[in-house]
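Chemist: Sending over a structure as structure tokens; questions will come in a sec.
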Amino acid sequence: MFRLGVVCRIVATMFAFAGAGVDPAFAVDPTAAWVADDEVLALAPGSGGLLYLGGWFERIGPRTGSGIVLDPALGAVEPGWPEVDGEISTAVPDGSGGFFVAGAFEHVGGVPRAHLAHLLADRTLDAAWDPRPDGTPAAMALDGPTLYVGGSFTRIGGLPREGLAAVDARSGAATGWDPGPVSSPTALVVAGGSVYVAGAFSSVAGALRRCLAAFDVATGALTPFDPEPNDAVNALAFSGGVLYAGGTFDTIGGHSRSRLAALDAVTGAVTDWNPSADDTVTALTLGGGTVYAVGDFTHIGLQARLHAAAIDTLTGAPTPWRHDGSVSAVSVADGTVFAGGTDGVAQLDGFGAVVRRWGAGAQVKALAAGGGKLYVGGSFEAFELQPRRHFAAVDTANGTLAAWAPTSDRAPYLLAVSGSTVYAGGYFTTLDGHRHRYLGGLDATTGASRAWDPGIDGEPGELVVHGRTLYASGGFERVEGHVRSGLAAFDAGSGALLPWNPHANGGVGAIAVQGGRVYVAGGFSRIGGKKRHRLAALTVSRGRATRWAPRITGDPYSLAVSGSTVYLGGDITRIGDRRRRWLGAIDARTGRPTAWHPRVDANVLRPVVADGFLYADARFPRREPVQVAAFALPSGRLTAWQPETGLGYVSALAASGGVVYTATTFEGGGFDRGSHIFAFPGP
């Protein structure tokens, strides 16, 4: 009951507000966005533009989407390229400093772009180029003004094309080149007047062709080229009239070739080149008389090569170059080899050793070198994640990750800032290696743990700083050896325990303070010396219960107060004699329910009052996937403010200085579970 975030994670995933006088909705774009590799449970704005975060995460960084551009010469990620919102499976340079990218995405730079997009050299999305394939491309090859595309689509560039098409590189329209249906090709090469197509198909354009075929680049007619591999071809590369193939086959052109072969590009005849991989080859590229191959293999010929190898184009023997590791993409630019995989992208030297690495932890699936740049695509949400074990701070002014980096053994789920101290509450038992069970204080600048250790004997439910007092609620019974059942107060500067002691006979989950009163909600039936059913107002001086005693039905979890109104959220069904499901308002003087009735369909995270608005996590049937709402105070009118918090559930919410901060926890993007952290301008 006392861990608000746990309650909200279970029941706060679907909302529907229906209130009178709702203005037409409009979208609100975030001013910044970050990504954590696990759940963010707490947000707390601090001084100097810092936003403090707590949760289960161990890495965090600026959100980039699933594609970035590296400048290898500078060793840095170039800012300002359009963000791609889904997986990128392949990319090719456009020859003018930009890139064509393809994959399982729907938006680029916030603009609808299904599966295929053109990024210009000036770091903008090509607004006029939109072929809109109805399925995902898996391979691309650029030949002058024409982009050849292979994949699982049946329509592209405005015309029906099944699996293989030619698209005008300037207009995005499908050309007249129409080879006929090809089932889901996975590799393309354009060379010598032919378009070579590979995959796992058994026929193309109504003719028998197993896993490898060639079409005339001018007419689209199927050529006689027919090597007949006995299993899938996953990768192609071309040089000097020779077509190199990699896949899962073990015979091709009537010869035994284990997963790697070289073919005469005209006749399809197999050459003597025979490296012999012991498992699947997934990608090939050429550079300086060398074929670079990646896949699931562990040996090339009789030599150990774990997932990556460099093979001499003349002899077929592996060179001394070796790079062991999980590699899914390889590219050569100006003689330098780049490898991408489950641990980002690495620049390799002439022996395969890592010279530099970027994006550690990012899952890279596509590399494209052109114009002195390297496009890196994959299934990541953020390319450069930095280590931060359960605590972090981001600079909201410039979007950078601050150096503040305390650690804990388990996650904090409560944060409250007071002057130079960040107070934390959660599941932890240590902070920066020092014993702090459930509660602790951290230096707001250095992150060093304070000596303050109140020694509570149960998990906290809420932390609130009001003036010079830090209030803590929870399921504890003792603090610093003193009896403090469910509630305690500390000097916010020194951390000293104050004599304030309402002594609840049950756990307290929520706190809100205003005008000499401490409003509390929880599982108690007696508090501050009086009978009070789950809701009470206490004096800030002695902790005595006031006469304020609303009648509620259900379990309250969250409180916020503004002016003469107390806002109550939780698994409630009635306030006084009025039906109020999940969220309602109570007069702070009389204890009677107000007329405000937002009709929420599920529990809300703790409402936040800031800058003249009440913010609450919410989901609207006419505004999905919006999950945070703003109500104008004191009227309670639902505003048109509509932030796009993305898919998932809101796991933390805060507001300060006209900015609303949210953490949305999701699954995917290369994580079992991750969080997006947004900063939105308020209404």
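Read in order, the letters of the sequence shown correspond to residues -27 to -1, 1 to 656 in mature numbering (1 follows the signal peptide of the UniProt record, and there is no 0). We put the beta carbon where it would ideally sit given N, CA and C, even for glycine.
(1) Determine whether the beta carbon atoms of residue 220 and residue 236 lie at a separation below 8 Å.
(2) Keeping to the same chain, check which residues put their C-beta closer than 8 Å to that of residue 281; ignore five residues upstream and five downstream.
(3) Which residues share a DSSP beta bridge with residue 346?
(4) Using CA atoms only, rank isn't needed, just tell me which of 652, 645, 624 and 213 is closest to residue 615.
(5) According to DSSP, what are the bridge partners of residue 276?
(6) So what's residue 22 in DSSP terms, helix, strand or just coil?
(7) How should residue 657 be labelled, buried or exposed, when 16 other C-beta atoms within 10 angstroms of its C-beta is the threshold for buried?
(8) In whole angstroms, what is the alpha-carbon distance linking residue 381 and residue 387?
(9) How do the region 403 to 422 and the region 69 to 78 stand: do at least 3 beta-carbon pairs fall below 8 Å, yes or no?
(10) Go ahead and pull the three-state DSSP assignment for residue 492.
(11) Going by DSSP, name the residue or residues bridged to residue 338.
(12) Can you give the Cα-Cα distance for residue 634 and residue 627, rounded to whole angstroms?
(13) I'd like the ranges of any alpha helix (DSSP H) spanning at least 4 consecutive residues and lying wholly in the region 22 to 78.
(14) Out of 130, 65, 66 and 47, state which residue places its alpha-carbon closest to the alpha-carbon of residue 86.
(15) In chain order, what residues of the same chain lie with their CB nearer than 8 Å to the CB of residue -7, ignoring the 5 residues before and after it?
(16) Report yes or no: do the region 210 to 217 and the region 108 to 125 share at least 3 C-beta pairs separated by less than 8 Å?
(17) Out of 48, 275, 241 and 424, state which residue places its alpha-carbon closest to the alpha-carbon of residue 320.
(18) Going by other Cβ atoms of all chains shown within 10 Å of its Cβ, with 16 needed for buried, is residue 192 buried or exposed?
(19) DSSP state of residue 567, grouped into three classes?
(20) Given a cut-off of 8 Å, decide if residue 15 and residue 385 are closer than it, judged by their beta-carbon atoms.
(21) Buried or exposed, going by whether 16 or more other CB atoms sit within 10 Å of the CB of residue 346?
(22) Where does the unbroken beta strand (DSSP E) through residue 464 begin, and where does it stop?
(23) Residue 432 lies in the beta strand (DSSP E); which residues open and close that run?
(24) Secondary structure at residue 363, three-state DSSP: helix, strand or coil?
(25) Looking only at its own chain, which residues have a Cβ that is under 8 Å from the Cβ of residue 31, when we skip the five neighbours before and after it?
(26) Skipping 5 residues on each side, what residues in its chain have a beta carbon closer than 6 Å to that of residue 521?
(27) In chain order, which continuous runs of the beta strand (DSSP E) of length 3 or greater are located wholly inside the region 297 to 336?
(28) Would you give the residue range spanned by the beta strand (DSSP E) that residue 207 belongs to?
(29) So, at 6 Å on beta carbons, what are the nonlocal neighbours of residue 663 in its own chain, with the 5 sequence-adjacent residues on each side left out?
(30) Let me confirm a value: residue 290 is counted as buried when at least 16 other C-beta atoms fall within 10 Å, else exposed. Which label applies?
(31) Contact defined as beta carbons within less than 8 Å: I believe residue 654 pairs with residue 630. What is the distance between those atoms, to the nearest angstrom?
(32) Under the assumption that residue 102 contacts residue 91 (Cβ atoms under 8 Å), give the Cβ distance between them as a whole number of angstroms.
(33) Which residue or residues does DSSP assign as beta-bridge partners of residue 573?
(34) What is the C-beta distance between residue 417 and residue 433, in whole angstroms, given that I count them as a contact (C-beta under 8 Å)?
(35) In this structure, how does DSSP classify residue 639 when only helix, strand and coil are distinguished?
(36) State buried or exposed for residue 338, treating a residue as buried only when at least 16 other CB atoms are found within 10 Å of its CB.
Modeler: In brief:
(1) no
(2) 265, 266, 267, 295, 296, 297, 298, 300, 303, 312 and 325
(3) 343
(4) 652
(5) 273
(6) helix
(7) Because the chain is modelled from -27 through 656, residue 657 falls outside the range shown and cannot be assessed.
(8) 13 Å
(9) no
(10) strand
(11) Paired residue(s): none; residue 338 is not in a bridge.
(12) 5 Å
(13) none
(14) 130
(15) Any reading at residue -7 must be qualified, since the residue scores a pLDDT of 33, below 50, and its modelled position is unreliable; the value itself is stated next. Same-chain partners within the cutoff: 610 and 611.
(16) no
(17) 48
(18) exposed
(19) coil
(20) yes
(21) buried
(22) 460 to 464
(23) Premise fails: residue 432 is in no beta strand (DSSP E) and is neither H nor E.
(24) coil
(25) 10, 11, 360, 361, 362 and 363
(26) 510 and 564
(27) 300 to 306, 309 to 314, 317 to 321 and 327 to 331
(28) 206 to 212
(29) Nothing can be reported for residue 663: it is not among the residues displayed for the chain, which extend from -27 to 656.
(30) exposed
(31) Wrong, their Cβ atoms sit about 10 Å apart, outside the cutoff.
(32) 4 Å
(33) In DSSP, residue 573 forms no bridge with anything.
(34) No, residue 417 and residue 433 are not in contact; Cβ-Cβ is about 19 Å, not under 8 Å.
(35) strand
(36) buried
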